[in-house]
Amino acid sequence: MKLQSQHFQAKTAEALADTAGVAQRDVLALFAPMLRDAAVQEFGSFEALRQHVKHIRQHSLDNLDYYLARFELEATNNGNQVHYADTSEEMNSIVLDICQQHDARRVAKGKSMVTEETGLNDFLQRGGLEVVETDLGEYIIQQAGETPSHIVGPALHKSEQQIRELFLEKHALGERELETTADLVTEARTVLREHFLKADVGIIGSNALIAENGYSMLVTNEGNGDLCANLPNVLIICTTLDRVLPRGEDATAMQRLLVRSATGQPQTCYTSFYSGPRREGELDGPLETHIVLLDNKRSDILASDYKEMLQCIRCGACLNHCPIFAAAGGHSYGWVYSGPMGSILTPLLTSLEASEALPNACSSCGRCEEVCPAAIPIPDLLRDLRHEQSRQKITAPRWRSGLKLHAWLAMRPALYQFLTGTTMTILHRFGRKKGSFSKLPLAGGWTGKRDFPAPQSSTFMQQYKARSKADE
Amino acid sequence: MSSESRSRIMARVRGASLGQGADAIEQELAGLGVAPAAPLPHEDTCIAFMVNVLRNQGTLDIAGDRNEAVKVIGRYIYQHFRSHRLVAGNDPHLAAMPWRDSGVLPRFGEVEPGEPVALSYAQWGVAETGATIFLTGKSNPSRNNLLPEHHLVLLDVNNLLPDLESLWQQLEPVFDRGGRPRGINCIAGPSSTADIEAKLVYGAHGPRAWHVILTGEVSSQQLQTALDIHADKKNPGDS
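Those protein sequence lines, which keep their order, are chains A and B.
Residues 1 to 472, numbered by the numbering used here, are exactly what the first sequence covers, in order.
Residues 473 to 711, numbered by the numbering used here, are exactly what the second sequence covers, in order.
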């Protein structure tokens with residue numbers, strides 16, 4: 001997928017001007033956290049589960065050489081062909097080669113953010129294949145020629161009416177109706193069922209790879225991934241090497257975290273484990289299975305200070321709880337991964353320079369870290385990226401100068417307190433009548449969009465000192 | 473190309489790993505303990521399983537023996553499809569049922585497109601999640617779980633497990649005995665989607681309805697308790 005993160009601010013301005021979109025995002029930002037919170041409360045010992053899985057993931061990444069080799073051995077013994085891809089281009093080529101070896105024409109695809117990352121669909125289509133996304137959200141955005149706005153709900157930026165108009169335009173409806181949401185789902189089901197039955201190759205992602213037995217875990221609600229995994233004669237699992245976990249119970253423990261954090265469900269409709277091709281005497285299932293393991297800089301991240309980011313389980317909870325994501329919308333981030341996790345992954349997987357705005361798209365409120373099921377210190381990693389940008393002089397010179405000035409002042413507490421105290425006293429005097437300022441010198445960026453509240457008469461430090469003195 | 477990439481990737485991964493031996497790694501893993509499971513909605517595993525099936529938008533029937541099971545299956549098919557036909561996998565548990573006694577006409581094999589109802593035999597049920605577990609194989613085609621409009625599941629109450637950890641324990645001897653099944657499918661509800669404005673709709677790609685028939689020593693009182701707990705959870709304000 002082509003990186004557009006350099007346009008973050010312009011795209012955010014567009015998103016904020018779209019009042020219907022803003023209202024839709026507000027509703028999601030309200031309800032998604034409620035669903036998650038209810039599921040977490042009901043589970044009870046969620047924090048213990050979170051810490052357990054974090055330790056397991058940490059252990060897996062610390063010993064990834066051992067577990068990756070073990071997974072490869074077991075998966076190969078199960079009858080899979082395991083491929084390694086250093087880059088996106090290599091993964092795409094491997095998948096196209098497999099399709100061409102089988103003279104495939106039609107591909108049914110389950111939701112996979114990894115293949116969004118590599119731009120697999122375009123590559124296969126250029127290779128002459130018909131590729132159909134089968135997850136409803138992915139199907140909608142494929143039909144609309146758009147990109148996912150959310151890693152879990154890729155089409156949540158579209159209204160029902162927009163989807164209805166899209167189907168009216170793209171589908172030969174005949175007698176079929178599109179009045180209700182259920183009609184729209186039935187319409188997609190009808191059209192996609194034909195694709196499932198005709199597809200030569202199925203492509204899915206994987207939520208976890210199990211080292212001890214070579215199984216690959218797939219978690220869905222629609223069942224589309226399972227149809228892709230069972231009906232076509234060839235199955236290709238496209239995933240990344242950091243998905244490896246030691247044991248089956250580790251994968252299901254992670255799944256407990258994933259479903260509650262992603263959708264607030266206690267259980268998804270389909271949780272499947274696939275080990276390889278059709279066994280002797282079996283009536284269905286693929287005749288040939290491939291697992292393509294993508295690196296694309298993940299082994300570099302493994303060796304870096306950002307290693308914890310590889311613990312991300314792609315639940316989308318940090319997106320659902322982020323005020324910046326709610327305001328800006330997923331498309332503003334300009335790549336596959338959006339929200340707080342995207343603001344870390346995008347610079348690490350693409351370029352720190354081209355995605356300069358993303359680590360700065362943070363109010364440091366800390367909600368992402370609070371709800372992250374992998375307990376990733378997201379605000380810290382974002383701050384480290386900002387620091388790195390400043391170190392590499394990617395940050396604009398005026399910002400760097402401003403920060404240097406701030407650091408210089410902050411290291412001189414007496415001067416800092418004198419200046420802030422004086423400024424606040426002046427602002428309080430001038431602003432107390434109205435309670436706010438509609439214009440302020442040097443603060444046009446703030447007052448251009450909203451009023452600046454008039455401060456209290458004294459700063460925190462002044463009040464603290466006064467109280468300490470009174471207590472003596 | 474792939475083997476060169478493998479060498480490069482493995483070298484980088486080795487460089488970033490701790491380089492511990494297998495014994496030390498296994499020992500460290502064993503020391504990390506066991507994950508907590510979700511609390512069960514009732515201390516009786518069977519009732520807890522039924523509550524979670526209902527919660528997963530499944531429906532339930534109970535049957536004391538095979539004769540009764542055939543009757544409830546026949547009744548379900550007739551009520552929903554005005555038919556006596558269904559497709560079932562070649563599972564010996566299903567083949568041995570007294571189908572003729574209740575007029576059900578099963579066809580054993582794979583579901584073909586357009587056939588509306590299939591019956592599968594679940595190897596286990598998991599109370600923690602309300603999921604029914606299927607192992608793909610000669611007698612259990614996976615498409616029978618995915619293609620029909622209504623998916624009927626026969627499950628022996630003796631095969632209920634409390635949690636997901638127990639499932640992996642049960643799978644170990646299966647792996648040792650006959651190798652690893654191609655697929656282990658945990659199905660917990662009819663297919664669903666919330667991809668349009670986050671509105672929940674059933675019947676996205678897989679079955680629109682999921683009906684579990686529990687056989688064996690399960691009483692109507694247990695079923696009623698499960699129904700009551702589920703109703704209380706749905707409407708906590710009602711008494």
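Using N, Cα and C, we set each Cβ at its ideal position, and we do this for glycine too.
Contact list for residue i against chain A, beta-carbon separation under 7 Å
{"i": "threonine 608 of chain B", "result": "Glu282, Gly285"}
{"i": "glutamine 492 of chain B", "result": "Asn63"}
{"i": "threonine 665 of chain B", "result": "Leu136, Val185, Asn221, Glu222"}
{"i": "valine 673 of chain B", "result": "Thr181, Ala182, Val185"}
Whole-angstrom distance between residue j and residue i, CA atom to CA atom
{"i": "glutamate 600 of chain B", "j": "alanine 509 of chain B", "result": "7 Å"}
{"i": "arginine 486 of chain B", "j": "serine 60 of chain A", "result": "13 Å"}
{"i": "glutamine 693 of chain B", "j": "cysteine 368 of chain A", "result": "45 Å"}
{"i": "isoleucine 697 of chain B", "j": "cysteine 312 of chain A", "result": "Reading the sequence as shown, one finds threonine at residue 697 of chain B and not isoleucine. Distance between the alpha carbons of threonine 697 of chain B and cysteine 312 of chain A: 40 Å."}
{"i": "alanine 17 of chain A", "j": "alanine 666 of chain B", "result": "26 Å"}
{"i": "cysteine 254 of chain A", "j": "valine 53 of chain A", "result": "This sequence places methionine at residue 254 of chain A; cysteine is not what is there. Roughly 6 Å between the two C-alpha positions."}
{"i": "lysine 706 of chain B", "j": "threonine 289 of chain A", "result": "43 Å"}
{"i": "serine 5 of chain A", "j": "cysteine 362 of chain A", "result": "15 Å"}
{"i": "phenylalanine 273 of chain A", "j": "asparagine 233 of chain A", "result": "18 Å"}
{"i": "serine 711 of chain B", "j": "serine 436 of chain A", "result": "At serine 711 of chain B the pLDDT is 41, less than 50, meaning the model places this residue with poor confidence; the figure from the coordinates comes in the next sentence. C-alpha separation (whole angstroms): 52 Å."}
{"i": "methionine 1 of chain A", "j": "leucine 427 of chain A", "result": "49 Å"}
{"i": "tyrosine 333 of chain A", "j": "leucine 636 of chain B", "result": "37 Å"}
{"i": "leucine 440 of chain A", "j": "cysteine 228 of chain A", "result": "60 Å"}
{"i": "methionine 461 of chain A", "j": "arginine 432 of chain A", "result": "20 Å"}
{"i": "alanine 15 of chain A", "j": "phenylalanine 167 of chain A", "result": "24 Å"}
{"i": "arginine 260 of chain A", "j": "proline 373 of chain A", "result": "9 Å"}
{"i": "leucine 639 of chain B", "j": "lysine 11 of chain A", "result": "48 Å"}
{"i": "proline 453 of chain A", "j": "methionine 411 of chain A", "result": "27 Å"}
Close beta carbons around residue i, own chain, < 6 Å, minus the five adjacent residues each side
{"i": "lysine 511 of chain A", "result": "Lying before the first or after the last residue shown, residue 511 of chain A is absent from chain A, which here runs from 1 to 472."}
{"i": "isoleucine 534 of chain B", "result": "Leu686, Val690, Leu695"}
{"i": "threonine 517 of chain B", "result": "Ala599, Leu632, Pro634"}
{"i": "glycine 225 of chain A", "result": "Gly110, Ile204, Leu218"}
{"i": "phenylalanine 123 of chain A", "result": "Asn92"}
Of the residues the options, the one placed nearest residue i, counting alpha carbons only
{"i": "isoleucine 151 of chain A", "options": "A/Arg398, A/Ala470, A/Gly342", "result": "A/Gly342"}
{"i": "histidine 387 of chain A", "options": "A/Gly435, A/Pro377, A/Arg400", "result": "A/Arg400"}
{"i": "glutamate 212 of chain A", "options": "A/His428, A/Ala251, A/Glu356, A/Glu472", "result": "A/Ala251"}
{"i": "methionine 34 of chain A", "options": "A/His406, A/Pro379, A/Arg412, A/Val371", "result": "A/Val371"}
{"i": "isoleucine 94 of chain A", "options": "A/Asp284, A/Gly339, A/Thr76, A/Thr115", "result": "A/Thr115"}
{"i": "proline 578 of chain B", "options": "B/Ile519, B/Ile549, B/Trp596", "result": "B/Ile549"}
{"i": "threonine 263 of chain A", "options": "A/Ile210, A/His321, A/Pro286", "result": "A/His321"}
{"i": "cysteine 238 of chain A", "options": "A/Glu177, A/Leu120, A/Arg193, A/Glu165", "result": "A/Leu120"}
{"i": "leucine 672 of chain B", "options": "A/Ala39, A/Leu156, A/Gln417", "result": "A/Leu156"}
Contacts around residue i, its chain only, beta-carbon distance under 8 Å, and the 5 residues preceding and following it disregarded
{"i": "aspartate 295 of chain A", "result": "Tyr84, Ala85, Asp86, Thr87, Thr240, Leu241"}
{"i": "valine 506 of chain B", "result": "Glu637"}
{"i": "glutamate 621 of chain B", "result": "Pro588, Val589, Gly675, Pro679, Arg680, Ala681"}
{"i": "alanine 483 of chain B", "result": "none"}
Cross-chain neighbours of residue i in chain B, by beta carbon under 7 Å
{"i": "serine 299 of chain A", "result": "Ile481, Arg484, Val485, Ala488"}
Contact list for residue i against chain A, beta-carbon separation under 9 Å
{"i": "glutamine 595 of chain B", "result": "The premise fails here: glutamine 595 of chain B is roughly 13 Å from chain A at the closest Cβ pair, so nothing lies under 9 Å."}
{"i": "threonine 517 of chain B", "result": "Result: empty, since nearest Cβ-Cβ is about 16 Å, beyond 9 Å."}
{"i": "histidine 552 of chain B", "result": "In chain order: nothing, as chain A lies at least about 17 Å away."}
Same chain, Cβ closer than 7 Å to residue i, neighbours up to 5 away in sequence not counted
{"i": "histidine 702 of chain B", "result": "Val523, Leu526, Arg527"}
{"i": "leucine 68 of chain A", "result": "Leu241, Val244"}
{"i": "serine 438 of chain A", "result": "Thr447, Asp451"}
{"i": "alanine 188 of chain A", "result": "Leu136, Tyr139"}
Cross-chain neighbours of residue i in chain B, by beta carbon under 8 Å
{"i": "phenylalanine 526 of chain A", "result": "Missing from the structure shown is residue 526 of chain A; chain A here goes from 1 to 472 and no further."}
{"i": "proline 246 of chain A", "result": "Leu501"}
{"i": "glycine 153 of chain A", "result": "Ala666, Asp667, Ala670"}
{"i": "arginine 256 of chain A", "result": "Ala507, Ala509, Ala510, Leu636"}
{"i": "valine 53 of chain A", "result": "Ala507"}
Residue i: contacting residues in chain A (beta-carbon distance under 8 Å)
{"i": "phenylalanine 647 of chain B", "result": "Asn213"}
{"i": "tryptophan 640 of chain B", "result": "Arg247, Gly248, Glu249, Thr252"}
Under 9 Å from the C-beta of residue i: neighbouring residues of chain B
{"i": "glutamine 142 of chain A", "result": "In chain order: nothing, as chain B lies at least about 12 Å away."}
{"i": "asparagine 78 of chain A", "result": "Gly651, Arg652, Arg654"}
{"i": "serine 216 of chain A", "result": "Under the 9 Å cutoff, chain B gives no residues; its nearest Cβ is about 10 Å from serine 216 of chain A."}
{"i": "glutamate 288 of chain A", "result": "Under the 9 Å cutoff, chain B gives no residues; its nearest Cβ is about 12 Å from glutamate 288 of chain A."}
Proximity test, Cβ basis, 8 Å: residue i and chain C
{"i": "glutamine 267 of chain A", "result": "Absent from the structure: chain C. Protein chains present are A and B."}
If contact is defined by three or more beta carbon pairs under 8 Å, each pair taking one atom from either stretch, is the region 94-102 of chain A in contact with the region 306-316 of chain A? no
Stretch pair the region 562-570 of chain B + the region 284-303 of chain A: three plus CB contacts closer than 8 Å: By the Cβ criterion, the region 562-570 of chain B is not in contact with the region 284-303 of chain A, since fewer than three pairs of Cβ atoms, one from each stretch, lie closer than 8 Å.
Could you tell me whether the region 566-576 of chain B touches the region 538-554 of chain B, using the rule of 3 or more Cβ pairs below 8 Å? When Cβ pairs closer than 8 Å are counted between the two stretches, the region 566-576 of chain B is seen to touch the region 538-554 of chain B, the count reaching three or more.
Meets three-Cβ-pair contact criterion under 8 Å: the region 653-664 of chain B and the region 608-628 of chain B: yes
Meets three-Cβ-pair contact criterion under 8 Å: the region 201-216 of chain A and the region 463-471 of chain A: The region 201-216 of chain A vs the region 463-471 of chain A: no contact.
Does the structure place the region 315-323 of chain A close enough to the region 12-26 of chain A that three or more beta carbon pairs sit under 8 Å? no
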